[in-house]
Amino acid sequence: MSRSIYIGGLPDSVGQDDIHKHLEIYGKITAIYIYPGYGFVEFESDAVRPCDPDTPI
Numbered sequence: 001m002s003r004s005i006y007i008g009g010l011p012d013s014v015g016q017d018d019i020h021k022h023l024e025i026y027g028k029i030t031a032i033y034i035y036p037g038y039g040f041v042e043f044e045s046d047a048v049r050p051c052d053p054d055t056p057i
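Residues 1 to 57 in full-length UniProt numbering are what the sequence shown lists, from first letter to last.
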């Protein structure tokens, strides 16, 4: 299982703090990489709490 997730459809105004605030409930975040419109979040360990694919974050 991967420790990184892809996040797409990010507005230009999103920063690392915004992403951290919304995703920290899924595990300890070790790195956040933001590019125009998308990004990746790396967690310390494999998924500890799965995301519901039908619920936008």
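C-beta atoms are modelled at their ideal positions from N, C-alpha and C, and glycine is treated no differently.
Helix, strand or coil at residue 77 [DSSP, three-state] = Nothing in the structure corresponds to residue 77, since the chain is present only between 1 and 57.
ask   = Going along the chain, which residues of its own chain have a beta-carbon closer than 6 Å to the beta-carbon of Ser4, five neighbours each way excluded?
value = In the sequence shown, the residue the question calls residue 4 occupies position 4. Excluding residues within five positions, the ones whose Cβ falls inside 6 Å are Phe40, Glu42.
Local Cβ density within 10 Å of Ile19, reported as buried at 16 or more and exposed below that = By one-based count along the sequence shown, residue 19 stands at place 19. Ile19 comes out buried.
inquiry  = Among Gly37, Tyr33, Ser45, Tyr26, whose alpha-carbon lies nearest the alpha-carbon of Gly8?
reply    = Here residue 8 corresponds to residue number 8 of the sequence shown, with the count starting at 1. Checking every option, the nearest Cα to that of Gly8 belongs to Gly37.
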